[in-house]
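Participant: Questions regarding the structure given below will be posed in turn.
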Amino acid sequence: MPSSAYLVTLAAAVSSASAAFQGFNYGSTFTNGQAKVQPDFEAEFRTAAGLDGTNGGFRSARLYTMVQAGSVNDPTSAIPAAISTKTSLLFGLWASAGGAAFGNEIAALQKAMDQYCSQLDGLVAGISVGSEDLYRISPTGQAASPDPGAAPDTLVSYITTVRATIKGTCLENAPVGHVDTWTVYVNETNKPVIDAVDWVGMDAYPYYEDTKPNALGQGKSLFQAALDKTQAAAAGKPVWITETGWPVSGKTSGAAVPSAENAQVFWEQVGCPLFGSTNVWWFTLQDGAPTTPNPSFGVIGSQLTTTPIYDLSCGEVDASSSAASSLPTKTVVSPPIGTSTSNSAPAAPRTTLSSAAGPSPIGGSNPTGSNPTGSGPGSGPGPGSGPGSASGSGPGGSGARPTVTNVPQGSAGQLDSFGAAAVALVLAAAVL
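Residue numbers (mature numbering (1 follows the signal peptide of the UniProt record, and there is no 0)): -19 to -1, 1 to 413.
Right, here's the structure in full:
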């Protein structure tokens, strides 16, 4: 008979599978280079939480940098904004600008803990060390981005530094990960980074996969292929979707055509099956303030509004299967199934896109908020919010508009009815 400790561990894993963070990516500046300050972040976070058709489900924010724009190493004002709006955060430390710049990221992280630890309860999804740094050291990345990126051994060193910095603090149990394009994870030379993290963040954009058939009809299959390959490379560690999306306007990339209609299909076919069950940070809420980039991925335009450019409700998505009705009650939400805060995580079940939206295990960015300069993954310098990945995949087919319900809410750390039932089944099976 299984031990009680094993049952508790398994039950905790099942419960965490039913919880998920969902939100958007947020750069540190506007498109004109103006630094965002606390009221700006608050306005963006409130807009995301109030988007029509989402039932308040998008209450998480992924950040690219810990440093407030315009400062050397002051902590980002997104943190007090998140506290005031009850928005969960995926912290990010920019790692593509060299050791001195990363030292400022660590200093900002330390200051953030000193200032805000007592107020962060339930608001930290995890910590990302870097964003597309391995992509940037590739030949394609070097051609597209002025930042030098970071080699695997450098990133492992940075990850070790982050773990040492948070040890003994309110963030000690925060899962530490890395975000990159799926193409770098399948490269064996980058395996040390996967070994060093608790979770793997995947950026995937079928729109940018212009060397293969990438029309909207191939979107979903391309995304699933990217996810399958990333999960295989992750070897059981959870895969979080840290960037994906389809542009609403801009240039054609291969056979991929930007439009609000196509972006909605991608949302329905790729996003909706994941929301509420998988950690997802969509690209993006807004990337066109004050000027609109080419391409533009924002679900809203240049003005903050809760009326999206396209329908964000999810048809045939069972909101009751999401544990997203409230924020987590602890500093860090229970990591998804298979997550471990050590380097040897138990196996995580596979995430597969389907029309059903029941809980499924988990599955460039330049901090300035500008778009990538090339057609491939990755983008400009600094921790921003431009999409960066030439690998991806999204919705396939023409896809009908949703006819029912709203997007389930994200960012929860409590058992919902599905989670409770699953735990009961686990315990019952063990007793039998």
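Using N, Cα and C, we set each Cβ at its ideal position, and we do this for glycine too.
Rounded to a whole number of angstroms, what is the C-alpha to C-alpha distance between aspartate 102 and proline 127?
Facilitator: Your numbering for residue 102 matches position 121 in the sequence shown. Your numbering for residue 127 matches position 146 in the sequence shown. Computed Cα separation, rounded: 37 Å.
Participant: Measure the beta-carbon distance from aspartate 292 to glutamine 250 and round it to whole angstroms, keeping in mind my assumption that it falls under 8 Å.
Facilitator: To locate residue 292, count along the sequence shown from 1; it is residue 311. To locate residue 250, count along the sequence shown from 1; it is residue 269. Not quite, the Cβ-Cβ distance comes to about 13 Å (not below 8 Å), so this is no contact.
Participant: Taking the alpha-carbon positions, what's the serine 294 to leucine 32 distance?
Facilitator: The residue given as residue 294 occupies position 313 in the sequence shown. The residue given as residue 32 occupies position 51 in the sequence shown. Whole-angstrom Cα-Cα distance: 10 Å.
Participant: According to DSSP, tyrosine 7 sits in a beta bridge with which residue or residues?
Facilitator: Counted from its first residue, the sequence shown places residue 7 at position 26. In the DSSP output, where bridge partners are listed per residue, tyrosine 7 has Leu44.
Participant: For alanine 381, which residues in the same chain have their Cβ closer than 6 Å to its Cβ, ignoring the five residues on either side in sequence?
Facilitator: By one-based count along the sequence shown, residue 381 stands at place 400. Confidence at alanine 381 is low in this model, with a pLDDT of 26, below 50, so its placement is unreliable and the value that follows should be read with caution. Closer than 6 Å at Cβ, skipping near neighbours: no residue.
Participant: According to DSSP, simplified to helix, strand and coil, what is valine 160?
Facilitator: Counting from one through the sequence shown, the residue named residue 160 turns up at place 179. The answer is strand: DSSP assigns valine 160 an E or B state.
Participant: May I have the straight-line CA-CA distance separating lysine 218 from alanine 177, to the nearest angstrom?
Facilitator: Stepping through the sequence shown from its first residue, residue 218 is reached at position 237. Stepping through the sequence shown from its first residue, residue 177 is reached at position 196. So the two alpha carbons sit approximately 11 Å from each other.
Participant: Using 9 Å as the threshold, is the C-beta distance between proline 289 and glycine 34 below it?
Facilitator: Translated into the one-based positions of the sequence shown, residue 289 becomes position 308. Translated into the one-based positions of the sequence shown, residue 34 becomes position 53. Going by C-beta atoms, proline 289 is nearer than 9 Å to glycine 34.
Participant: Does the segment 132 to 147 come close enough to the segment 183 to 195 that 3 or more CB-CB pairs lie under 8 Å?
Facilitator: no
Participant: Take leucine 285 and list the residues in its own chain whose beta-carbon comes closer than 6 Å to its own, dropping the five residues that flank it on each side.
Facilitator: Here residue 285 refers to the residue found at position 304 of the sequence shown. Counting only residues of its own chain and dropping the five nearest sequence neighbours on each side, leucine 285 has a CB closer than 6 Å to the CB of Ala24 and Thr28.
Participant: Can you tell me which of the three DSSP states aspartate 184 falls into?
Facilitator: Along the sequence shown, one-based indexing puts residue 184 at 203. Strand, per DSSP.
Participant: Mind checking whether glycine 38 and alanine 16 have CB atoms under 9 Å apart?
Facilitator: Start at 1 with the first residue of the sequence shown, and residue 38 comes out as number 57. Start at 1 with the first residue of the sequence shown, and residue 16 comes out as number 35. No, the pair does not count as a contact, with Cβ atoms beyond the cut-off.
Participant: Return the chain-ordered list of same chain residues with a C-beta closer than 6 Å to the C-beta of threonine -11, the five sequence neighbours on each side being excluded.
Facilitator: Residue mapping note: residue -11 aligns to position 9 of the sequence shown, counting from 1. Caution applies to threonine -11, whose pLDDT of 29 falls short of 50 and renders its modelled position unreliable; the value that the coordinates give is listed next. So the list is empty, once near-sequence residues are dropped.
Participant: So, for valine 313: in the same chain, excluding its five sequence neighbours on each side, which residues have a beta-carbon less than 6 Å away from its beta-carbon?
Facilitator: The residue you call residue 313 lines up with position 332 of the sequence shown. Summary for valine 313: the model assigns pLDDT 33, below 50, so the residue's position carries little reliability; its value from the coordinates is reported in the next sentence. So the list reads Val105, Asn154 and Ala155, once near-sequence residues are dropped.
Participant: Would you mind working out which of Phe278, Val160, Asp55 and Ala216 sits nearest leucine 90, comparing C-alpha positions?
Facilitator: On the sequence shown, residue 90 is found 109 positions in, with the first residue counted as 1. Ranked by Cα distance from leucine 90, the options Phe278, Val160, Asp55 and Ala216 are led by Asp55.
Participant: Which residues does DSSP list as the beta-bridge partners of alanine 16?
Facilitator: Here residue 16 is taken as the residue at index 35 of the sequence shown, counted from 1. Looking at the DSSP assignment, alanine 16 forms a beta bridge with Thr10.
Participant: Answer with buried or exposed for asparagine 13, where buried requires no fewer than 16 other C-beta atoms within 10 angstroms of its C-beta.
Facilitator: For this step, residue 13 is matched to residue 32 along the sequence shown. That one is exposed.
Participant: Would you report the Cα separation of proline 309 and arginine 43, rounded to the nearest angstrom?
Facilitator: Start at 1 with the first residue of the sequence shown, and residue 309 comes out as number 328. Start at 1 with the first residue of the sequence shown, and residue 43 comes out as number 62. Because the pLDDT of proline 309 is 33, which lies under 50, any placement of that residue in the model is unreliable, and the question is left without a value.
Participant: Would you say the beta carbon of glutamine 245 comes nearer than 8 Å to a heavy atom of the ligand GDP?
Facilitator: In the structure on display, the ligand GDP does not appear, and there are no ligands present to speak of.
Participant: Assuming the contact rule is C-beta atoms closer than 8 Å, glutamate 113 and aspartate 179 should be a hit. Round their C-beta distance to whole Å, please.
Facilitator: Counting from 1 along the sequence shown, the entry for residue 113 is found at position 132. Counting from 1 along the sequence shown, the entry for residue 179 is found at position 198. Wrong, their Cβ atoms sit about 19 Å apart, outside the cutoff.
Participant: Below 9 Å between beta carbons: does that hold for phenylalanine 83 and isoleucine 108?
Facilitator: Here the question's residue 83 lines up with position 102 in the sequence shown. Here the question's residue 108 lines up with position 127 in the sequence shown. Their beta carbons are not under 9 Å apart, which means phenylalanine 83 does not touch isoleucine 108 by this criterion.
Participant: What does the Cβ neighbour count give for threonine 170, buried or exposed, with the cut at 16 atoms within 10 Å?
Facilitator: Walking along the sequence shown from the start, residue 170 turns up at place 189. With fewer than 16 other Cβ atoms within 10 Å, it is exposed.
Participant: Helix, strand or coil, according to DSSP, for glutamate 224 in the structure here?
Facilitator: Within the sequence shown, residue 224 is the residue found at index 243, counting from 1. Strand at glutamate 224.
Participant: Which of helix, strand or coil does DSSP assign to tryptophan 262?
Facilitator: Indexing the sequence shown from 1 puts residue 262 at position 281. Correct three-state label for tryptophan 262: strand.
Participant: Which residue marks the beginning of the beta strand (DSSP E) containing serine 112, and which one marks its end?
Facilitator: If you number the sequence shown from 1, residue 112 lands on position 131. Looking at the DSSP string, the run of the beta strand (DSSP E) that includes serine 112 is 105 to 112.
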